[in-house]
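Structure first, then comments.
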Amino acid sequence: MLNMGYRQLSVVLLVVFLCKFSFSSTLCPIDQSISLLKFKETLTIDPTRSWCYPKTVSWNMSRDCCIWDGVKCDELSGHVIELDLSCSQLKGKIDSNNSLFQLSHLQRLNLSMNDFSDSHISPAFGRLLSLTHLDLSSSSFSGQIPSEISHLSKLQYFRIYSGDLRLVARDFKLLLKNLTQLKELDLSNVNISSTIPPNFSSHITILKLGSTGLHGIIPESIFHLPNLEVLDLRSNAQLSGYFPKTKWNSSASLIKLDLSRVNFSSNFPESLSYLTSLHHLSLRDCNLWGPIPESLSNLTRIEYLDLGDNSLNGTIPSWILSYSSLNRLDLKNNHFSGQLDDFKYNTLVWINLKGNQLQGHLPKSIQNLVNLEVLDLSSNNFSGQVDVSYFSNHNQLTDLDLSYNRISLTNENEVKLSLPKSLFRLLLVACEVKELEFLRSAKRLKTLDLSYNKIQGRIPNWAWSNWMFSLEYLDLSHNMLESVDSIPPESYVYWIDLRSNFLQGPLPIPPNFIEYFFISNNNLSGEIPSSVCTVTSLRVLDLARNNLEGAIPQCLGNMSRQLEVLDMQRNSLSGDLQMTFSFQNGLKSFNLHGNKLEGKLPRSLVNCQHLEVLDLGDNHFNDMFPMWLGTLPKLQVLSLRSNKLHGAIRTSRINLFPQLRIVDLSGNAFSAELPTSLFKHLKAMRRIDHSMKEPIDGYYQDSVTLVTKGLQFEVVRILSLYTTIDLSNNKFEGHIPSVLGDLISLRVLNLSHNGLQGHIPSSLGNLSVVESLDLSLNQLAGKIPEQLASQLTSLAVLNLSHNYLEGCIPRGPQFATFQQNSYEGNDGLRGFPISKGCGNDRVSETNNTVSALDDQESNSEFLNDFWKAALMGYGSGLCIGLSIIYFMISSGNLKWLARIIEGMEHRIITRRKKKQRGQRHYRRRNNNRF
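Under mature numbering (1 follows the signal peptide of the UniProt record, and there is no 0), the letters of the sequence shown match residues -24 to -1, 1 to 906, in that order.
In structure tokens, the structure reads:
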């Protein structure tokens, strides 16, 4: 019996073994193994994606394909039904002949997080009709998504988000119409540029269409999808919508709602209070206004709340600060006011309330938020003293910004280890900071901005050693620092801003890896050392407004391949400019204004093909006009004012100076006739671009020194708006060319102090946006063209004085505002505002004119007295006066400024004429005596 038992057991085991062997031998059909291996051979492995695992490396015929990494087969038929090669370091191209498409039984296919940058999505994907899951996301596919995808009628999950794909509107609608089983659709960042059709699958739970270029109005049916859990339509600026006024059908299931940067233009929606399952709410930049309604207190499960960049107002409701689950709160850039209540729970890790009108002291409860990682309360009205020990419990804090409030940071207990060691980013701009000692313990700082404070003395040695390998951004500008020790050359910092301090001594050499170095508006002295040229990573070098002297190192020209901005204006640099610029340099702005440089202009500037701003004004250059600069395709600003340039300006080539918008050649010795051929080339001045806006603040603000009505000022940040030609104080002669009237974008035209003759061309009436026109102190004759009075409706400053003009002064809306000094020194002129009558002037008009003139002269006397006081003050008054000029120019109040300057100039010229008449009378009397 025992032997019989063993025999029976052996047979059973043999049968089991044979059955298992027989079954496993049919698990993976040989044709499918071959298809998978051929697919593998068309691709390579990219080891640079080290965070991924190369699943296909182990594939070979010695093992059944059903146990290969990423492969799953049907247990009965053995067909490959799932292929998961996500993040497998794959790189290559998948075309329509690829053996992948022979796997007709595939139900799930995941090729996400690979590199198929050479591939379009093949229409052959549409042949895999059994697919229920298709994930091609983050794999660098490009081109158009084929319409054949809509053939996959069984598809339930479709993820394809990418930045290089597009889906035409017709195919988008077809896809939604045919894929009736869809539960998840993620087309984020695909360029669709379509309206949203209303026919979505009722099964859908996740819908992500962010950054797809959608436009039109959101169908309300989306908000009523019965099974919707995630709705993400963010960053579609042309998309608008209306929130449901009643309960959403999906309210019980919706977990995440992100409609950021979609235009709703409404007050805060009450209906959101029905979404009681909501964990994530983001309505950033949705053009919402009004207070947050009390009904939103129902959202007790909320974890992520972003309502930033709207126009919400009122106080921040205390119940928001009482959510026990809330970990992220972002209400930045709204209009919230009042005091900030205490936080009830310590679950928060992110708080951003910057850009509101919150006031009062910082809540003490912030000290209890021990999990806090980011705290930004900048640009509010918080007040009072804040001791650095306030943040000593925040061991997770990486980002702290309290800038632009009315708080004073103190360190009364002189605790040296008060700030958390975890800090990466610290911004305390304008917080009354007086020293750096409280930062000793923060050794991981990457960004430090302590600008506009009261830090004195020097940057301590421990600072450089503490942050040697961590600090990337340092801004200590607008403080009271007096010296800076040698900056370690091996430091990793890429940005150092030390502008507007009291730094003395030689120029410190920036570290090797720096890209932006600002040290203007200090008291640095000595020569610029040639060792600065070893810092080859520099993009911006700003040494302006110091006391640097000597020659400019010739090697600076060799840095121009990387260098974009080189600003050394208003120093005492001298000698010839011997820099040699290479052809492939990247220089965009070159400013040497206000130095003592001499000699010829370097011809190698013609190699600076990216140059936009060139200011060599107020030096001693002695040369002809550099017509060769006209080949620079991007040059917008050319200032050569107040040098010793001379000779005629003639051009012959076409397409010179195509982008030039500001040209200042004043205060030189240019002669012969005005450069008519040059004016014909100035294409950028021949059009008015109403879409032009003031440039957004960047890392560097270009400026250029200009002169209006004899006073010098600096135009900052408005180079794209300001269009100027200043050829004053030269030796030009002949007629004013009528072609100047074609430069219709001109805002300032100054041809004064020359020897110009003939008539004023009527074509100047075409300059419809001109604000300042100065033709004074020339030899112009004839009548003032009527077109100037009738068409120059923006004119705020007019000076035609000291010429030989005659006839009636034309009438016009702007001409009625000009005073007598705009026309004086032209004995043949008649009419308002000159006291002589002019033809059929009516008595009533004359009375009104006299009354208006009395008012203007009264204002002029007041303003002249103001300027007299300002100019007599020199050290203080002149600075205040010029500061007011700069403020008025930068804020656009040119008309007000013009009247101030006119009154001042009127008095100066009147005194000059009286003096000249006295001198002529003295000479005649002495001549008669002999």
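We put the CB at the ideal spot given by N, CA and C, even for glycine. In this text, all values refer to a predicted model and were calculated from it rather than measured experimentally.
Could you please give me the residues that DSSP links to residue i through a beta bridge?
| i | result |
| --- | --- |
| residue 184 | 162, 208 |
| residue 133 | 109, 160 |
| residue 312 | 290 |
| residue 193 | 216 |
| residue 492 | 471, 516 |
| residue 523 | 501 |
| residue 660 | In DSSP, residue 660 forms no bridge with anything. |
| residue 982 | The chain is shown from -24 up to 906; residue 982 falls before or after that span and cannot be answered. |
| residue 327 | 305, 351 |
| residue 359 | 382 |
| residue 96 | 118 |
| residue 319 | In DSSP, residue 319 forms no bridge with anything. |
| residue 648 | 708 |
Using the rule of at least 16 other Cβ atoms within 10 Å of the residue's Cβ for burial, across every protein chain shown, is residue i buried or exposed?
| i | result |
| --- | --- |
| residue 546 | buried |
| residue 482 | exposed |
| residue 90 | buried |
| residue 674 | Below a pLDDT of 50, predicted positions are generally treated as unreliable, and residue 674, at 48, falls in that range; the measurement from the model is reported next regardless. Classification for residue 674: exposed. |
| residue 462 | exposed |
| residue -4 | In this prediction, residue -4 has a pLDDT of 42, which is less than 50 and means its spatial position is unreliable; nothing more can be read from the coordinates. |
| residue 910 | Only positions -24 to 906 of the chain appear in the structure, and residue 910 is not among them; the question remains open. |
| residue 24 | exposed |
| residue 228 | exposed |
| residue 396 | buried |
| residue 162 | buried |
| residue 609 | exposed |
| residue 763 | buried |
| residue 213 | exposed |
| residue 572 | exposed |
| residue 119 | exposed |
| residue 594 | buried |
| residue 716 | buried |
| residue 664 | exposed |
| residue 29 | exposed |
Could you tell me whether the Cβ atoms of residue i and residue j are closer together than 8 Å?
| i | j | result |
| --- | --- | --- |
| residue 772 | residue 747 | yes |
| residue 457 | residue 477 | yes |
| residue 254 | residue 231 | yes |
| residue 621 | residue 603 | no |
| residue 46 | residue 64 | yes |
| residue 195 | residue 180 | no |
| residue 236 | residue 202 | no |
| residue 285 | residue 309 | yes |
| residue 206 | residue 183 | yes |
| residue 374 | residue 359 | no |
| residue 710 | residue 781 | no |
| residue 167 | residue 185 | no |
| residue 316 | residue 292 | yes |
| residue 116 | residue 80 | no |
| residue 241 | residue 219 | no |
| residue 801 | residue 775 | no |
| residue 344 | residue 322 | yes |
| residue 699 | residue 714 | no |
| residue 642 | residue 738 | no |
| residue 490 | residue 507 | no |
| residue 646 | residue 561 | no |
| residue 234 | residue 261 | no |
Using 8 Å as the threshold, is the region 448 to 464 in touch with the region 426 to 437, meaning 3 or more CB pairs across them?
-> yes
Should the region 20 to 30 be called in touch with the region 47 to 56, which here means at least 3 C-beta pairs below 8 Å?
-> no
Considering only residues of the region 401 to 486, which uninterrupted beta strand (DSSP E) runs meet the minimum length of 3 residues and lie entirely inside it, listed in chain order?
-> 401 to 403, 423 to 425, 432 to 435, 449 to 451, 456 to 460, 471 to 473
Count the CB pairs spanning the region 545 to 561 and the region 576 to 583 that are closer than 8 Å, and state whether there are at least three.
-> yes
Given 8 Å, three or more beta-carbon pairs between the region 31 to 42 and the region 82 to 100 | no
Decide if the region 121 to 141 is in contact with the region 154 to 165; the criterion is three or more beta carbon pairs, one per stretch, under 8 Å apart.
-> yes
Quick one: which unbroken alpha helix (DSSP H) runs of 4-plus residues sit fully inside the region 1 to 49? Chain order, please.
-> 6 to 17
For the region 738 to 809, which segments carrying the beta strand (DSSP E) assignment without a break, of at least 3 residues, lie completely within its bounds, in sequence order?
-> 748 to 750, 755 to 758, 773 to 775, 780 to 784, 804 to 806
Taking only runs of the alpha helix (DSSP H) that begin and end inside the region 582 to 624, which ones reach a length of at least 4 residues, in chain order?
-> none
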